[in-house]
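Trainee: Mind the numbering: the sequence shown is residues 12 to 264 in our numbering, read in order.
Right, I'll just put the structure down here and ask away after.
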Amino acid sequence: MKICLDAGHSIGSNPSPADPTYREGTRMFDLQTYLKPALERYGFEVVCTRQRVQDNPSLYERGTMGKDCGLLLSLHSNAVANERNDTVDYVRVYYPVSRRGQALAKVLSETIASVMGTAQQPQFVVRWNSAGTADYYGVIRYAAAVGTCGMILEHSFHTHPRATEWLLSDENLRALAEAEAAVIAEYFGMEESEMRYDLLKDVTNEAYRPTVDKLLEKGFLRGKGGSGEDTVLDLGEDALRLLVVLDRAGVFD
Numbered sequence: 012m013k014i015c016l017d018a019g020h021s022i023g024s025n026p027s028p029a030d031p032t033y034r035e036g037t038r039m040f041d042l043q044t045y046l047k048p049a050l051e052r053y054g055f056e057v058v059c060t061r062q063r064v065q066d067n068p069s070l071y072e073r074g075t076m077g078k079d080c081g082l083l084l085s086l087h088s089n090a091v092a093n094e095r096n097d098t099v100d101y102v103r104v105y106y107p108v109s110r111r112g113q114a115l116a117k118v119l120s121e122t123i124a125s126v127m128g129t130a131q132q133p134q135f136v137v138r139w140n141s142a143g144t145a146d147y148y149g150v151i152r153y154a155a156a157v158g159t160c161g162m163i164l165e166h167s168f169h170t171h172p173r174a175t176e177w178l179l180s181d182e183n184l185r186a187l188a189e190a191e192a193a194v195i196a197e198y199f200g201m202e203e204s205e206m207r208y209d210l211l212k213d214v215t216n217e218a219y220r221p222t223v224d225k226l227l228e229k230g231f232l233r234g235k236g237g238s239g240e241d242t243v244l245d246l247g248e249d250a251l252r253l254l255v256v257l258d259r260a261g262v263f264d
């Protein structure tokens, strides 16, 4: 199955009035970089409307890039009149007026709210255009025109200081990506495949890296070629977890 990810806006767009270091277009691109591999581990094929953080395709281009995909997710954070607001803090997921994907929109909104710890209850809603004939939001409307279920995920409000601070954490975005991928995989009946670490530089997890460095230094782990950060490990997630457990048990000492 194929999924299209659309990181909203472009680089540096929509700074937060609560903390101007937060830029919606940049941080949602960062979220996309975590969500893509998380989905791929479940066997999804993932395409992105923005290949580079500088990219800024039109709404028509974004929506129609979802052609032949089972789902298009447009990643955003919301705002209240572009002014700091200390009270409005909730997740909202927009789904098509056709009601396609309603159950997924519901569970996504609830999951994102749970991970982010938002103050208000999450919402999953549709929005009609003024004529009451189609979706209000272009990216959902153009996705629907090519037969794709499009959704907009509003990850709370970047006008709220707590939510903004939360979204500025890379660790939080990784957790968010993993949770969203798990929900989507469960909805479509996909199973996670084992994460593999081909090279030493791929081991960025802080729980794994000290053990790997230690075992390489002691000669217990030699790799399959290469040197330095390009040492070929070819290890799966389960193998790395086992090595960490053994290391904490003192086996390699």
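Think of the CB as a built atom: it goes at the ideal place given N, C-alpha and C, for glycine as much as any other residue.
What is the DSSP secondary structure of R61, counted as helix, strand or coil?
Mentor: Taking the sequence shown and counting its residues from 1, one reaches residue 61 at position 50. If DSSP states are grouped into helix, strand and coil, R61 belongs with coil.
Trainee: Quick one: grab the DSSP three-state call for F231.
Mentor: To locate residue 231, count along the sequence shown from 1; it is residue 220. F231: coil per DSSP, three-state reduction.
Trainee: Does the pairing of the region 104-112 with the region 181-196 give three or more beta-carbon distances under 8 Å?
Mentor: The answer is no - the region 181-196 does not touch the region 104-112, with fewer than three Cβ pairs under 8 Å.
Trainee: Report the residue from N67, F199, H171 and L178 whose alpha carbon sits nearest the alpha carbon of D274.
Mentor: Missing from the structure shown is residue 274; the chain here goes from 12 to 264 and no further.
Trainee: Can you tell which of S238, V223, L86 and L251 has its C-alpha closest to the C-alpha of S21?
Mentor: For the purposes of this step, residue 21 is taken as residue 10 along the sequence shown, with counting starting at 1. If we check each option's Cα against that of S21, L86 comes out closest.
Trainee: What residue range is occupied by the uninterrupted beta strand (DSSP E) comprising V104?
Mentor: Locating residue 104 in the sequence shown gives position 93, counting from the first residue. Per DSSP, V104 belongs to the beta strand (DSSP E) from R103 to Y105.
Trainee: Roughly how far, in whole angstroms, is the beta-carbon of G54 from the beta-carbon of M201, given that I think they are within contact range, below 8 Å?
Mentor: By one-based count along the sequence shown, residue 54 stands at place 43. By one-based count along the sequence shown, residue 201 stands at place 190. So it is a contact: roughly 5 Å between Cβ atoms.
Trainee: Quick one: residues in its chain with C-beta nearer than 8 Å to the C-beta of K13, no 5 flanking neighbours on either side, listed in chain order?
Mentor: As a position in the sequence shown, residue 13 is number 2, starting the count at 1. Within the same chain, K13 has close Cβ partners F55, E56, V57, V58, D79, C80 and G81.
Trainee: Whether or not the region 60-69 and the region 123-142 are in contact is what I'm after, with contact meaning three or more pairs of Cβ atoms, one per stretch, closer than 8 Å; do they touch?
Mentor: No, because fewer than three Cβ pairs between the region 123-142 and the region 60-69 fall closer than 8 Å, the two stretches do not touch.
Trainee: Determine which residues share a DSSP beta bridge with D66 and list them.
Mentor: Sequence index remark: in the sequence shown, residue 66 carries index 55 (1-based). In DSSP, D66 forms no bridge with anything.
Trainee: So what does C15 bridge to, in DSSP terms?
Mentor: Against the sequence shown, residue 15 aligns to sequence position 4. Bridge partners of C15: V58 and L83.
Trainee: Tell me which residue opens and which closes the alpha helix (DSSP H) that Y45 is part of.
Mentor: The residue you call residue 45 lines up with position 34 of the sequence shown. Element bounds for Y45: E35 to E51.
Trainee: Should D224 be labelled buried (16 or more other beta-carbon atoms within 10 Å of its own) or exposed?
Mentor: Here residue 224 is taken as the residue at index 213 of the sequence shown, counted from 1. Result: exposed.
Trainee: Do the CB positions of R34 and G23 come within less than 7 Å of each other?
Mentor: Mapped onto the sequence shown, residue 34 falls at position 23. Mapped onto the sequence shown, residue 23 falls at position 12. It is a contact, given that the beta carbons lie within the stated cut-off.
Trainee: Starting from E176, trace the alpha helix (DSSP H) both ways and give me its first and last residue.
Mentor: The sequence position of residue 176 within the sequence shown is 165, counting from 1. P172 to L178 is the span of the alpha helix (DSSP H), which, as asked, contains E176.
Trainee: Please look up how many angstroms separate the CB atoms of V255 and Y219, rounded, as I've assumed it's under 8 Å.
Mentor: Position 244 of the sequence shown holds residue 255. Position 208 of the sequence shown holds residue 219. At roughly 6 Å, the Cβ-Cβ gap stays under 8 Å, so V255 and Y219 are in contact.
Trainee: If L50 and I151 are in contact, beta carbons under 8 Å, what's the gap, nearest whole angstrom?
Mentor: Here residue 50 is taken as the residue at index 39 of the sequence shown, counted from 1. Here residue 151 is taken as the residue at index 140 of the sequence shown, counted from 1. The pair is not a contact, with the Cβ atoms about 20 Å apart (cut-off 8 Å).
Trainee: Verify whether the separation of the beta carbon atoms of A114 and Y106 is less than 7 Å.
Mentor: Stepping through the sequence shown from its first residue, residue 114 is reached at position 103. Stepping through the sequence shown from its first residue, residue 106 is reached at position 95. No, the Cβ-Cβ distance between A114 and Y106 is not below 7 Å.
Trainee: What are the boundary residues of the alpha helix (DSSP H) that F199 is part of?
Mentor: One-based indexing of the sequence shown puts residue 199 at position 188. Its alpha helix (DSSP H) spans residues D181 to F199.
Trainee: With distances taken from CA atoms, which of E203, E248, E165 and Y198 is nearest T215?
Mentor: Translated into positions along the sequence shown, residue 215 becomes position 204. Minimum Cα distance to T215 is reached at E248.
Trainee: Can you grab the Cα-Cα spacing for the pair D97 / E240, in whole Å?
Mentor: Position 86 of the sequence shown, counted from the first residue, corresponds to residue 97. Position 229 of the sequence shown, counted from the first residue, corresponds to residue 240. When rounded, the distance between both Cα atoms is 45 Å.
Trainee: Less than 7 Å between the C-beta atoms of Y153 and Y71, yes or no?
Mentor: As a first step, residue 153 is located in the sequence shown; it is residue number 142 there, counting from the start. As a first step, residue 71 is located in the sequence shown; it is residue number 60 there, counting from the start. Against a cut-off of 7 Å, the Cβ pair of Y71 and Y153 comes out as a contact.
Trainee: Between the Cα of R52 and those of A193, G161 and N93, spot the shortest distance and give me the residue it belongs to.
Mentor: Walking along the sequence shown from the start, residue 52 turns up at place 41. If we check each option's Cα against that of R52, A193 comes out closest.
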